[in-house]
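Residue numbers (my numbering), protein chains in the order written: chain A, 1 to 276; chain B, 277 to 622.
One structure is given here, and the rest of the page talks about it.
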Amino acid sequence: GVLTHLEMLEARAYEAAVKQEETEQQGEKLARLKERARELRRQRDELRAKVELQQKGQGGKEGALSDPAQPSARAVLEWKIKSLKAMLQMFYLTGISGKLTKRGVCFCVSTAYEGTYLDSYHLDLLTQPEVQIYRHSVPTFIPLEQVAKKYLQTDIRRFLSVLSDHLNAYAGRRYQADQLQEHFSDQLEGTLQRNSLCNLLVFNYHVSNQSETFLFNVRLLYGDLCCCLPTEVTVSCTPGAPACLAATAAAHSDLFRRTALHKAFRSFRRAEENVD
Amino acid sequence: MDETVAEYIRRTILKIPRDEIKTMLQKWGFLSEAQLQTINFHQIKDNISQEVVQLCEENSADIKQAAVLDIIYNHIYPNKRVWGVYQMKKTGEETEFFDLTDFKKKFKRLLRSALKNVTINFREYEDNAIWIRIAWGTPYRKPNQYKTSYVVYHSQTPYAFISASVLKSNLPLLCQALVVASSYHDIREMELRSHSLNSLKDIVFKRYSQNFQTYCPRPLQERNVAPESADSRIIQENRNEKERIQRLNQEVFGDGPQPKLEFAQYKLETMFKSDPKMEVLDRKEPFRCLVKFSSPHLLESLKSLAPAGMADAPLSPLLTCIPQKARNYFKIREKKGFFPGSFVSP
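What follows is the structure, given as structure tokens:
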């Protein structure tokens with residue numbers, strides 16, 4: 001009766017309200033999309049204008065020199081690359097360079113000996129939760145763990161400096177030994193006994209004295225791992241050699257203590273040539 | 277000359293490829309150049325070896341010289357043996373000077389004090405590698421020259437590469453001799469094995485290519501500029517993905533060649549995670565399982581997995597950590613604590 005009729009009216013009113021809300025929402029959506037379309041068209045027109053300008057600009061300047069007061073973007077980029085390369089080269093030349101990584105720093109220690117650039121070694125360090133070595137390419141006979149235990153946590157600059165000293169000294173010692181074997185093998189007798197760190201060298205070499213050749217035995221001990229010169233030198237001649245050779249042995253011993261190995265041998269060779 | 281020595285030399289020659297025999301004999305230096313000229317190296321190996329043995333007879337070769345020939349053969353063909361890596365520890369911090377003569381003396385003394393019948397030979401090479409050949413005997417038998425152990429040691433490093441023979445019982449003695457001679461205190465076997473001795477050296481001496489981020493001014497490699505096809509209608513759909521994979525691969529594996537390993541073995545002692553309704557394991561016991569990856573060149577094949585589309589990049593760290601952790605045998609146990617997952621034993 002009356003109640004069902006009222007219910008029906010209520011339902012109809014509700015439906016009408018819902019429909020009205022829907023159309024309102026659709027109207028809003030339509031307005032938004034129209035606005036977006038307008039914005040996109042505007043952007044497109046802007047870009048089109050830019051492209052046309054670019055093409056006109058290039059076409060007009062065919063063959064003609066570009067205005068020096070306004071260097072082209074390409075020239076600027078080239079200059080930037082050049083100066084960046086120069087800076088990187090400079091860092092490389094200082095021997096220690098670093099680069100920040102996601103989790104810490106990566107250092108590169110470059111070695112050199114008297115003007116010749118030798119190998120580079122890398123260290124990947126983590127900085128959280130404390131400074132630690134994640135991975136590296138340092139040879140196993142370099143006492144990396146010892147140096148790290150002393151300085152890594154407290155003074156990273158000192159750590160790098162000490163490590164660089166070790167690596168450079170090792171590279172220098174190895175270079176001297178290699179030079180000796182490569183260029184002065186004729187003066188050597190037998191094999192050059194060396195070890196991984198190149199801190200103990202034992203070999204025999206010829207010494208001529210008034211048209212007679214004698215054999216000297218040398219034992220070079222490099223007590224300081226951060227040094228390229230030996231701390232202990234023992235030069236001995238074969239038993240039965242003339243007494244005057246003892247003075248020569250002493251002189252050679254002194255020379256080995258003061259000069260690089262290959263330079264010492266170069267001076268021997270020059271001395272012999274002068275005598276002849 | 278001893279018959280056993282003659283036979284040993286004969287058999288060693290037979291192992292060498294025919295084209296290499298002359299060079300190896302020259303390296304050996306026991307037969308003079310004049311003697312070598314008399315040998316016809318184009319005949320069958322059987323005959324070559326007979327001629328060599330005859331000449332050795334003339335020069336009265338003994339087991340020491342024969343052993344040197346064996347070392348030379350193994351140095352040129354080290355990949356015929358399986359090598360394991362051992363790590364030594366020392367507690368002191370003194371600078372080591374490593375006297376070779378001292379090392380050899382101590383090594384021989386310790387071995388000979390425990391075992392009278394043993395043949396020990398040394399040979400040093402340019403890269404500071406000391407090769408030691410040991411033939412084992414018993415208190416009542418002469419050393420068996422066919423069952424030899426080899427040790428390769430680089431002075432002043434804590435690593436030794438050992439290719440033990442079948443007689444594993446002599447290994448503890450060998451390790452002890454090594455530790456004493458090189459002035460270390462302790463030695464343990466690493467979980468790293470391969471046929472390629474040089475690759476093992478590359479891994480522990482950190483000579484393999486690790487991709488360090490540096491500013492080192494190398495010429496930038498033009499990787500992204502692939503040769504553009506002449507036809508502009510052809511475009512690479514997945515270029516971004518390909519470049520991402522390439523970049524990740526390069527970060528993990530570096531640019532250079534990978535060390536050569538033949539397998540990686542993972543021993544799983546983890547719980548089987550299944551639907552509780554399946555009731556596979558009533559008792560809460562770890563599901564024991566062994567996963568072994570084999571390949572003629574395992575790391576190179578892992579490196580090519582992602583670019584070939586066979587695996588997602590980045591690869592699981594369990595696979596990529598092999599050179600850095602210097603191991604190819606792993607034990608994976610359940611991680612105890614709050615986080616599920618696996619725990620790799622040290």
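Ideal Cβ placement from N, Cα and C applies to all residues, glycine included.
Open item on the list: Please tell me whether Gln146(A) has its Cβ less than 8 Å away from any Cβ of chain B.
Closed with: yes
Task: Where Leu450(B) falls, given that 16 or more other Cβ within 10 Å makes a residue buried - done: buried
- [ ] If I'm right that Gln132(A) touches Leu125(A) with Cβ under 8 Å, what's the distance once you round it to whole angstroms?
- [x] 7 Å
Task: Cβ-based contacts, 8 Å cut-off: residues of the region 203-236 of chain A near chain B - done: Result list: Leu221, Gly223, Leu225.
- [ ] Could you tell me the distance, in whole angstroms, from the CA atom of Ser571(B) to the CA atom of Tyr151(A)?
- [x] About 43 Å.
TODO: Alpha carbon to alpha carbon, how far is Gln526(B) from Ile596(B)? Give it in angstroms, no decimals.
DONE: Here residue 596(B) is Thr; the residue named in the question, Ile, does not match the sequence. Approximately 12 Å, taken between the alpha carbons.
Open item on the list: I'd like the span of the alpha helix (DSSP H) that includes Met466(B), first residue to last.
Closed with: Bounds of any alpha helix (DSSP H) do not take in Met466(B); it lies within the beta strand (DSSP E) bounded by 462-470.
TODO: Please list, in chain order, all residues of the same chain as Gln193(A) whose beta carbon is under 6 Å from its beta carbon, the five residues on each side excluded.
DONE: Val202
Open item on the list: Taking CB distances under 8 Å as the criterion, tell me whether Pro495(B) reaches chain A.
Closed with: Any answer about Pro495(B) is weak, because its pLDDT of 49 lies below 50 and its placement is not dependable; what the coordinates show is given next. False, the Cβ-Cβ gap to chain A never drops below 8 Å.
Task: Cα-Cα separation between Ser425(B) and Thr414(B), rounded to whole angstroms - done: 15 Å
Open item on the list: Let me see if you follow: with CB-CB separation under 8 Å, is Gln489(B) close to chain A or not?
Closed with: yes
Open item on the list: Considering only the alpha carbon of each residue, which of Glu513(B), Val567(B), Gln512(B), Gln486(B) lies closest to Ser120(A)?
Closed with: Gln486(B)
TODO: Report the option in His573(B), Leu331(B), Lys518(B), His430(B) whose CA atom is closest to the CA atom of Leu197(A).
DONE: His430(B)
Open item on the list: Can you check which of these residues, Phe437(B), Ser441(B), Glu372(B), is closest to Ile410(B) by C-alpha distance?
Closed with: Residue Ser441(B) is the option with its Cα nearest to Ile410(B).
Task: Tyr484(B) - DSSP class collapsed to helix/strand/coil - done: coil
Open item on the list: Based on DSSP bridge pairs, tell me the residues matched to Ser120(A).
Closed with: Its beta-bridge partners are Ser110(A).
- [ ] Report whether the distance from the Cβ of Asp507(B) to the nearest heavy atom of the ligand ZN is below 7 Å.
- [x] Looking for the ligand ZN in the displayed structure turns up nothing, as the structure carries no ligands at all.
TODO: Throw me the rounded Cβ distance for the Lys291(B) and Tyr349(B) pair, which I believe falls under 8 Å.
DONE: 6 Å
Task: Spatial distance of Phe317(B) from Glu333(B) (CA atoms) - done: Put simply, the backbone Cα of Phe317(B) is about 19 Å away from that of Glu333(B).
Open item on the list: Counting only C-beta atoms, is Leu200(A) closer than 8 Å to chain B at any point?
Closed with: yes
TODO: Confirm, please, whether the CB-CB distance from Ala148(A) to Phe141(A) is below 8 Å.
DONE: no
Task: Members of the region 126-141 of chain A near chain B, C-beta cut-off 8 Å - done: Arg135, His136, Ser137, Val138, Pro139, Thr140, Phe141
Task: Residue-chain proximity (Thr94(A), chain B), Cβ-Cβ < 8 Å - done: no
Task: One or two residues paired with Gln363(B) in a DSSP bridge - done: Note: Gln363(B) sits in a beta bridge opposite Tyr435(B), Arg464(B).
Open item on the list: Against Arg124(A), what residues of chain B qualify as contacts under a CB-to-CB distance less than 7 Å, listed in chain order?
Closed with: The amino acid at residue 124(A) is misidentified as Arg; the sequence shows Asp. Result: Phe488.
Task: N-terminal and C-terminal residue of the alpha helix (DSSP H) that Lys418(B) is part of - done: According to the DSSP assignment, Lys418(B) belongs to no alpha helix (DSSP H), since it is labelled neither H nor E.
Task: Runs of beta strand (DSSP E) wholly within the region 185-217 of chain A (minimum 3 residues, chain order) - done: 188-193, 200-209
TODO: Could you tell me whether the Cβ of His351(B) comes closer than 8 Å to any Cβ of chain A?
DONE: no
- [ ] Within its chain, find whatever has a CB closer than 6 Å to the CB of Leu200(A); leave out the 5 residues flanking it on each side and keep chain order.
- [x] Correct list, in chain order: Leu221.
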